[in-house]
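A.B. asks: Residue numbers are given in the numbering used here: position 88 of the sequence shown equals residue 88, and the series is strictly consecutive.
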Amino acid sequence: MNCGEAFDGQIEGPFTCPNCRDLKFSFEFARPAMLRDARTLDMIHRLKYARELYLAKELGRLAAEAFADSRFAPALTGRWPLVPVPLHRQRFQHRTFNQAEEIARELSFTIGLPVLKGLKRIRATEHQTALTRAQRLDNLRGAFQVTKTCVRGISQKLPGVVLVDDVLTTGSTVDECARTLRRAGIPRVFIVTVMRG
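If you want it as structure tokens, here you go:
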């Protein structure tokens, strides 16, 4: 499954995920470390909205568990950079930090991959929570741009990156980020999040 959705039971033989069957993602796969649960969601909300930045350490450690998935082997052996999903400068000024960047920093400390500020959000967007998937995709179109640092990495033949975010819901945000990176010349994009929303 590319979308990171979990299914009960053991899957044996060919399987087509009903969530991403009709979708074409710009990333290869998304891997949340945790299924949605109240305790993890509470920690994410306390980090984001109550500015309890010490929780980024625990959330980064949780995200690191996703790297037990063998699909991350090329990223680990090739030392691909971790690219946090960026906030628009207005939201950053209000919040004073980017939760994805804080999680990526802790994740970097745990698994040893470097952090690269590879994307910037060039357009403020509506909050995604109340939008449908189609509305989310439309809301995010053209919202991201690669940074000069990322362009330097591309010129040095960067083979791929791992996008980092706190929660994966429909995958709209990470897909638009991945599309931006792929258009700029990065061949492969994997996704890791703390939790599936």
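Ideal Cβ positions, reconstructed from N, Cα and C, are used throughout, including at glycine. Please read these numbers as outputs of a predicted model, since none were measured by experiment.
Q145: which of P81, V189 and R183 sits nearest, CA to CA?
C.D. replies: The sequence position of residue 145 within the sequence shown is 145, counting from 1. Nearest of P81, V189 and R183 to Q145, Cα basis: R183.
A.B. asks: When the Cα of I103 is compared with those of A63, R89, A68 and L181, which residue comes out closest?
C.D. replies: Walking along the sequence shown from the start, residue 103 turns up at place 103. Among A63, R89, A68 and L181, the Cα nearest to that of I103 is on A63.
A.B. asks: Please determine if the region 87–105 and the region 52–63 are in contact, where contact requires at least 3 C-beta pairs separated by less than 8 Å.
C.D. replies: Taking 8 Å as the limit for Cβ pairs, the verdict is that the region 52–63 does touch the region 87–105.
A.B. asks: Please go through the region 28–53 and give each complete alpha helix (DSSP H) segment of 4 or more residues, from N-terminal end onward.
C.D. replies: Those alpha helix (DSSP H) runs which fall completely within the region 28–53 and span 4+ residues are 38–49.
A.B. asks: Within the continuous alpha helix (DSSP H) that includes L55, where are the two ends?
C.D. replies: Your numbering for residue 55 matches position 55 in the sequence shown. Looking at the DSSP string, the run of the alpha helix (DSSP H) that includes L55 is L55 to A64.
A.B. asks: Taking C-beta to C-beta, are A94 and A124 nearer than 7 Å?
C.D. replies: Against the sequence shown, residue 94 aligns to sequence position 94. Against the sequence shown, residue 124 aligns to sequence position 124. Position check: residue 94 holds His in this sequence, whereas Ala was assumed. Going by C-beta atoms, H94 is not nearer than 7 Å to A124.
A.B. asks: When DSSP labels each residue in this structure, what does D175 get in the three-state scheme?
C.D. replies: Within the sequence shown, the letter at position 175 stands for residue 175. Looking at D175 - three-state DSSP - the assignment turns out to be helix.
A.B. asks: According to the neighbour-count rule (16 or more other Cβ atoms, all chains shown, within 10 Å of its Cβ), is T173 buried or exposed?
C.D. replies: For this step, residue 173 is matched to residue 173 along the sequence shown. The residue in question, T173, is buried, as its Cβ has 16 or more Cβ neighbours within 10 Å.
A.B. asks: Tell me the DSSP secondary structure of T193 in three-state form.
C.D. replies: Locating residue 193 in the sequence shown gives position 193, where the first residue counts as 1. Residue state, collapsed to three classes: strand.
A.B. asks: Out of I44, R39 and Q90, which one is the CA nearest neighbour of T193?
C.D. replies: For this step, residue 193 is matched to residue 193 along the sequence shown. It is I44.
A.B. asks: Going by beta-carbon coordinates alone, are R31 and D69 separated by less than 7 Å?
C.D. replies: Translated into positions along the sequence shown, residue 31 becomes position 31. Translated into positions along the sequence shown, residue 69 becomes position 69. Against a cut-off of 7 Å, the Cβ pair of D69 and R31 comes out as a contact.
A.B. asks: Whole angstroms are fine: how far does the CA of T170 sit from the CA of F27?
C.D. replies: Residue numbering aside, residue 27 sits at position 27 when the sequence shown is read from its first letter. Residue numbering aside, residue 170 sits at position 170 when the sequence shown is read from its first letter. Answer to the nearest angstrom: the Cα atoms are 13 Å apart.
A.B. asks: Would you tell me roughly how many angstroms separate the C-alpha atoms of F109 and P86, rounded to the nearest one?
C.D. replies: Translated into positions along the sequence shown, residue 109 becomes position 109. Translated into positions along the sequence shown, residue 86 becomes position 86. Looking at the two C-alpha atoms, the distance is approximately 19 Å.
A.B. asks: Opposite F144 in the DSSP bridges: which residues?
C.D. replies: The residue given as residue 144 occupies position 144 in the sequence shown. F144 is bridged to R121.
A.B. asks: What did DSSP end up calling D138 once you bin it into helix, strand or coil?
C.D. replies: Sequence index remark: in the sequence shown, residue 138 carries index 138 (1-based). Note: D138 maps to helix in three-state DSSP.
A.B. asks: Skipping 5 residues on each side, what residues in its chain have a beta carbon closer than 7 Å to that of V189?
C.D. replies: As a position in the sequence shown, residue 189 is number 189, starting the count at 1. S26, F27, E28, G160, V161, L163, A178, L181 and R182, listed in sequence order.
A.B. asks: Between the Cα of R51 and the Cα atoms of L119, I111, P74 and F97, which residue gives the shortest distance?
C.D. replies: Here the question's residue 51 lines up with position 51 in the sequence shown. Minimum Cα distance to R51 is reached at F97.
A.B. asks: Candidates G112, A38, V83 and R71: which alpha carbon is nearest R61's?
C.D. replies: Reading the sequence shown from its first residue, position 61 is the one you call residue 61. The shortest Cα separation from R61 among G112, A38, V83 and R71 belongs to G112.
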